[in-house]
Amino acid sequence: METAHQHKLPNSRNCFACGMHNAIGLKLAFYAQPDGSVAGEYIVPTQFEGYPGITHGGIVASILDEAVSRVFMVADHNRFMYTGRLTTRLRRHVPVDQPLRITGRALRDRGRTAEAEAHIYGPDGELLAEAEALLVALPPGDLQAADLEELGWGVYPDQA
0 METAHQHKLP NSRNCFACGM HNAIGLKLAF YAQPDGSVAG EYIVPTQFEG
50 YPGITHGGIV ASILDEAVSR VFMVADHNRF MYTGRLTTRL RRHVPVDQPL
100 RITGRALRDR GRTAEAEAHI YGPDGELLAE AEALLVALPP GDLQAADLEE
150 LGWGVYPDQA
């Protein structure tokens, strides 16, 4: 999926949202876009449905949460932020087993805190869900280089 105008952002080994070796995780992948935003494509497996054919709302929130945090990794892959507040809006149901487009972009960056938004679009391009978030930087020293290796933090090949 990577093109000359975008590059894949790192994943971890075991994170629920982006962990590439987490057997029950989402395995989300995001790509930096030329304008500084992030984007990814994803098909939600049926194991994450709430009602038949519909993605569970907690999973939708997890996808949006991952997208907003990835925005600030475009310039620095090791800039980790946690979510202080996530406000979601589900406009339509998010289907399982259908291709979705996920986007995220920065709204404000104050260094220690930042704000971003994320969107999930359906196969026809319709906006299905969105979120705004307040993010807070991990305190310096909370995540050391050795921890990054233990996390398996790196760029993994795209899965077929």
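In terms of numbering that gives the first Met the number 0, the sequence shown is numbered consecutively and its last residue is 159.
Even for Gly, the Cβ is constructed at its ideal location relative to N, Cα and C.
Considering only C-alpha positions, which residue in the set Cys17, Thr54, Gly110 and Pro51 is nearest to proline 139? Gly110
Buried or exposed: which applies to glutamate 125, given that a residue is buried once 16 or more other Cβ atoms fall within 10 Å of its Cβ? exposed
Residues near alanine 132 in its chain [Cβ-Cβ closer than 6 angstroms; skip 5 each side]: Val67, Thr82, Leu85 and Ala115
For arginine 91, three-class secondary structure by DSSP: coil
Could you check if lysine 26 belongs to the surroundings of the ligand MG, using beta carbon to heavy atom distance under 7 angstroms? Because no ligand of any kind appears in the structure shown, any question about the ligand MG cannot be addressed here.
Report the partner residues of tyrosine 120 according to the DSSP bridge assignment. Arg100 and Leu126
Measuring CB to CB, does glycine 18 end up less than 8 angstroms from lysine 26? yes
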